[in-house]
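J.: Before I ask anything, here is the structure I am working with.
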Amino acid sequence: MERGAHPRTSPAPALLMDILGVALFALFARVAHQSEDMPLSVAGWLQTLWPFLIGTALGWLLLAITGKTARATSMGSGVIVWLCTVVAGLAIWGLRHGGVPHWSFMLVASIMGALLLLGWRVITGMRARRAALGVDK
415 MERGAHPRTS
425 PAPALLMDIL
435 GVALFALFAR
445 VAHQSEDMPL
455 SVAGWLQTLW
465 PFLIGTALGW
475 LLLAITGKTA
485 RATSMGSGVI
495 VWLCTVVAGL
505 AIWGLRHGGV
515 PHWSFMLVAS
525 IMGALLLLGW
535 RVITGMRARR
545 AALGVDK
């Protein structure tokens with residue numbers, strides 16, 4: 415397999431990993447920012463989750479339109495999903511709250527989104543390269 419190439423596989427596991435990553439991001443955010451006004455609860459977690467999940471869905475829609483779902487584990491596909499997730503999630507948050515999110519929120523959402531949506535792709539790519547080279551045998 416050439417460098418950077420990814421086997422064509424079902425996109426379902428990649429989609430599930432992205433959903434899990436966004437769900438963890440929302441959970442971490444709720445845990446970090448819980449207060450009397452915003453207690454940690456399933457309803458609160460879902461309120462935090464849905465704007466970013468819509469962004470993830472938009473990213474996957476873009477992958478489908480461009481024919482990249484079969485290579486959903488690639489970094490290029492991951493960057494598309496990550497950017498859509500962060501931009502749409504923050505835009506929806508801004509609309510819901512009537513203002514632009516604070517720069518620190520944008521920074522943390524971008525960094526955590528990258529770690530959770532691109533990190534698993536890095537690990538998957540490394541494992542695929544090791545397997546292709548026969549290192550794991």
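Each residue of the sequence shown is one higher than the last, beginning at 415 in my numbering. All C-beta atoms in this analysis are idealised placements derived from N, C-alpha and C, irrespective of residue type, glycine included.
1) Please report the straight-line C-alpha distance between Met520 and Leu532, rounded to a whole angstrom.
2) So Ala502 packs on Leu472, CB below 8 Å; how close in whole Å?
3) In this structure, how does DSSP classify Ser491 when only helix, strand and coil are distinguished?
4) Per the contact definition of three or more C-beta pairs closer than 8 Å, is the region 489–496 in contact with the region 522–541?
5) Going straight from the alpha carbon of Gly458 to that of Ala546, what length do you get?
6) Please state the DSSP three-state secondary structure of Met415.
7) Beta-carbon separation of Thr483 and Pro427 under 8 Å?
8) For Ile494, count neighbouring Cβ atoms within 10 angstroms of its own Cβ and tell me buried if that reaches 16, exposed if not.
9) Nearest CA to the CA of Leu477: which residue from Met526, Phe442, Leu429?
10) In three-state DSSP terms, what is His511?
11) Under a Cβ-count criterion, where at least 16 other Cβ atoms within 10 Å of its own Cβ denotes burial, should Thr480 be classed as buried or exposed?
T.: Taking the structure as given:
1) Looking up residue 520 in the sequence shown gives position 106. Looking up residue 532 in the sequence shown gives position 118. If you take the alpha carbons of Met520 and Leu532, they lie about 17 Å apart.
2) The count along the sequence shown starts at 1 and reaches residue 502 at position 88. The count along the sequence shown starts at 1 and reaches residue 472 at position 58. Between Leu472 and Ala502 the Cβ distance is about 5 Å, and since that is below 8 Å, they are a contact.
3) Here the question's residue 491 lines up with position 77 in the sequence shown. Here Ser491 sits in helix by DSSP.
4) yes
5) Counted from its first residue, the sequence shown places residue 458 at position 44. Counted from its first residue, the sequence shown places residue 546 at position 132. Cα to Cα, the separation comes out at about 44 Å.
6) Against the sequence shown, residue 415 aligns to sequence position 1. Its pLDDT being 42, under 50, Met415 is placed unreliably by the model, and the measurement read from it follows with that caveat. Residue state, collapsed to three classes: coil.
7) Locating residue 483 in the sequence shown gives position 69, where the first residue counts as 1. Locating residue 427 in the sequence shown gives position 13, where the first residue counts as 1. No, these two residues do not count as a Cβ contact at 8 Å.
8) Here residue 494 is taken as the residue at index 80 of the sequence shown, counted from 1. With 16 or more Cβ atoms within 10 Å of its Cβ, Ile494 is classed as buried.
9) The residue you call residue 477 lines up with position 63 of the sequence shown. The shortest Cα separation from Leu477 among Met526, Phe442, Leu429 belongs to Leu429.
10) To locate residue 511, count along the sequence shown from 1; it is residue 97. His511 falls in the helix class under three-state DSSP.
11) The residue labelled residue 480 in the question sits at position 66 within the sequence shown. Flag for Thr480 reads exposed.
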